[in-house]
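As numbered in this note's numbering, residues 31 to 532 make up the sequence shown, in order.
Glycine residues also receive a C-beta, built at the ideal position from the N, C-alpha and C atoms.
As the structure is a computational prediction, the values presented were derived from the model and not from experiment.
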Amino acid sequence: MGKIFVFDTTLRDGEQTPGVNLGMNEKIEIARQLESLGVDIIEVGFPTSSKADFEACQAASKAVGKTVAALCRATLPEIQATYDAIKESKSPRIHIVLATSDLHLEHKLRMSRKDALKTAIESVAFAKTLSRDVEFSCEDASRTDPEFLQEVICQVIAAGASTVSVPDTVGFCLPDEYAAMVSGVIAHVPNIGNAILAAHCHNDLGLAVSNTIAALRAGATQFEACINGIGERAGNCALEEVVMALEIKRELGIAHNVDISKFSRVSARVASLTGVPVPLCKAIVGQNAFSHQSGIHQHGILANPLTYQIISPQSIGRQESAIVLGKLSGKHAFASKLERLGYAFEQPQIDALFADFKNVASKKREISDDDLEALITNRLIAGNEFYSLESFQIQSGNKMMSMASICLVHEGNPFTEAALGDGPIDASYNAISRIVGGEWHLASYDIKAVTEGVDALGEVVVRVRHNGQDYTGKGLSTDIIEASIHAYLNAINRVMATTSPV
Ligand code: KIV
Ligand code: ZN
């Protein structure tokens, strides 16, 4: 066994989590975090899915000095456009996907095996004229006839694919079954030595991490995963879990380039920027992953942490957040704090963040690292503001319907509406919906205090349904009504940004 490649797909497969739509600033920031984590390949998105994603992929691919992959279907125009989105990156990888299982070929693509094979070969050959680095994924590989799978893999490698992936697209395999598929490919594809063989597992049976590790033990040389295991349905393989397993089980001899001390921070940034919280009991990065409740465990931990702890919280970079900044802190201290937190912002971004910081510091005595991170997220998600909040007024009480009057600015013009509602937030959302027009349904609403205390920043995350699709929005303020309004507007602005065609 030797060194494997870690392929992160948080910005592509992870972005397929219902309700997650990452804008350009968020993609750039997550890509930078992944680069600092030391993953080998960063998949930035699916550029032909929308104009917004094309531009976000373009910007994110230029922001990092790593191999950057982007996904496309097996058609020549899509391959060309996908390459165009990432061609300015240091090392672009075109990632082509085509289903190979009979189920997908017959019912989804309406294609024969023969036509699929021809399409696969032609697509790879064309992609190869654009980039030396081409990955081919046999979608639904785990439900594909093994002989046909091996034939496709052999032919795409001959056509120039430098990486081939065998996704367990619907999380259908048990670990020994997935490992057997990988072993079968290694044993029966004569030119497999000319390509990297990748594992790509989904978590429908809760086995994505186990299946990935089984594949690596069987000889796969790359694995594809997402931070925090986010993704469609039950999610993708959790990158941090596989890496920590390899770290703890060094005797497997599977080496990687990941800097595990960045896990806590990268996990928190991904959770914050996607709006998908990390479950409390999640392995490695969950809030409770290092908490010990029972007396016996606490006693053991105090006597020797090894009794109940196989990973130290410090090793993944977990530390108590320190309170350092306050309303008297100057720009210099502020900028050096950002630097120590690992951010490399340009001066205009620092100036904008400093203004946000001063605004919050005038209402809140102490600004913690968590507050700062929340402010940064808030700035990054602001993105394209099709509608921005000018002012709001609320009348509310226990013996009356709430009434909100909201003024929004759209293309430089103010628009004001008033509406009644069942509480101040409902009234505000009704007024906003009147201004924007169309059908907006609030699918979920969550509020949390970023830190403790009565002056805490309140962070609101909403999921808004529009034309059958969910969009996440976030808002931050020391005033919870204002945070709620910002969150709703943020979701609406995302709809506007993502529905523009390529
Ligand atoms: O799971 C899968 O099959 C995929 C492909 C699109 C690569 O994510
Ligand atoms: Zn996938």
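Item, Value
"Specify the secondary structure class of GLU45 as computed by DSSP and reduced to three states.", "helix"
"Confirm, please, whether the CB-CB distance from ALA100 to VAL1 is below 7 Å.", "Beyond the ends of the chain as shown, which are 31 and 532, falls residue 1; an answer cannot be given."
"Rank PHE293, GLU262, ALA264, SER366 by C-alpha distance to the C-alpha of VAL273 and give the top, closest one.", "PHE293"
"Please look up how many angstroms separate the CB atoms of ALA229 and GLU254, rounded, as I've assumed it's under 8 Å.", "7 Å"
"State buried or exposed for LEU204, treating a residue as buried only when at least 16 other CB atoms are found within 10 Å of its CB.", "exposed"
"Which residues in the same chain have their Cβ closer than 8 Å to the Cβ of PRO531, if we skip the five residues on either side of it in sequence?", "Bear in mind that a pLDDT of 49 at PRO531, under 50, signals an unreliable position, so the number given afterwards is only what the model happens to contain. For PRO531, where only same-chain residues beyond five positions count, the Cβ hits under 8 Å are SER80, LYS81."
"Do you know whose CA, among LEU450, ALA448, ILE462, SER432, lies nearest SER440's CA?", "This sequence places His at residue 440; Ser is not what is there. If we check each option's Cα against that of HIS440, ILE462 comes out closest."
"With DSSP run on the structure shown, which of helix, strand or coil describes PRO220?", "coil"
"Tell me whether ASP43 counts as near the ligand ZN, meaning its Cβ is closer than 6 Å to at least one heavy atom of that ligand.", "yes"
"Please confirm whether any heavy atom of the ligand KIV lies closer than 6 Å to the CB of VAL127.", "yes"
"List in chain order: all unbroken beta strand (DSSP E) runs of 3+ residues lying wholly within the segment 328 to 376.", "353 to 356"
"Quick one: what's got a C-beta closer than 7 Å to ILE290's C-beta in the same chain, skipping five residues either side?", "VAL273, MET274, GLU277, SER345, ILE346"
"With respect to 6 Å, is the separation between the Cβ of GLU169 and the closest non-hydrogen atom of the ligand KIV below this value?", "yes"
"What runs of the alpha helix (DSSP H), each 4 residues or longer, lie entirely inside the segment 47 to 108?", "54 to 67, 81 to 93"
"Per DSSP, what are the beta-bridge partners of VAL439 in this structure?", "SER418, PRO444"
"Is DSSP giving SER195 helix, strand or coil here?", "strand"
"Is VAL439 close to chain B, meaning its C-beta is less than 7 Å from at least one C-beta of that chain?", "No chain B appears in the structure shown, which is made up of a single protein chain."
"Three or more C-beta pairs closer than 8 Å, one from the segment 377 to 391 and one from the segment 294 to 313: is that the case here?", "no"
"For GLY249 and LEU282, I'd like the C-alpha separation in whole angstroms.", "12 Å"
"Find the nearest neighbour of THR268 within the set ASP43, GLN499, GLY498, judged by alpha-carbon distance.", "According to the sequence shown, residue 268 is Ala rather than Thr. Taking only the C-alpha atoms, the option nearest ALA268 is ASP43."
"Within 6 Å: the Cβ of PRO444 and any heavy atom of the ligand KIV?", "no"
"For VAL94, which residues in the same chain have their Cβ closer than 7 Å to its Cβ, ignoring the five residues on either side in sequence?", "ALA61, ARG62, GLU65, ILE72"
"Does the separation of the CB atoms of VAL466 and ILE424 fall below 7 Å?", "no"
"State the DSSP-derived secondary structure class of VAL306, mapped to helix, strand or coil.", "coil"
"Whole angstroms is fine: what's the gap from THR337's alpha carbon to ALA155's?", "55 Å"
"Run the CB neighbour count on LEU533, radius 10 Å, all protein chains shown included, and call it buried at 16 or more, exposed below.", "Any answer about residue 533 is impossible in this case: the structure gives the chain only from 31 up to 532."
"State yes or no: is the C-beta of PHE166 within less than 7 Å of the C-beta of ILE126?", "yes"
"Any heavy atom of the ligand ADP closer than 6 Å to the Cβ of PRO197?", "The ligand ADP is not part of this structure, which contains only the ligand KIV and the ligand ZN."
"Can you tell me whether HIS516 is helix, strand or coil according to DSSP?", "helix"
"Can you tell me the Cα-Cα spacing of VAL331 and VAL212, whole angstroms?", "Correcting the residue identity first, residue 331 is Ile in this sequence and not Val. Computed Cα separation, rounded: 40 Å."
"Can you give me the C-alpha to C-alpha distance between VAL182 and GLY190, rounded to a whole angstrom?", "12 Å"
"With 16 other CB atoms within 10 Å as the buried threshold, where does LYS394 fall?", "buried"
"Ignore the nearest five residues each way along the sequence and tell me which others in SER119's own chain have a CB closer than 7 Å to its CB.", "SER91, LYS92, VAL98"
"CYS168 lies in the beta strand (DSSP E); which residues open and close that run?", "163 to 169"
"Judging by CA-CA distance, which residue of ALA449, THR251, MET431, GLU420 is the nearest neighbour of ASN443?", "GLU420"
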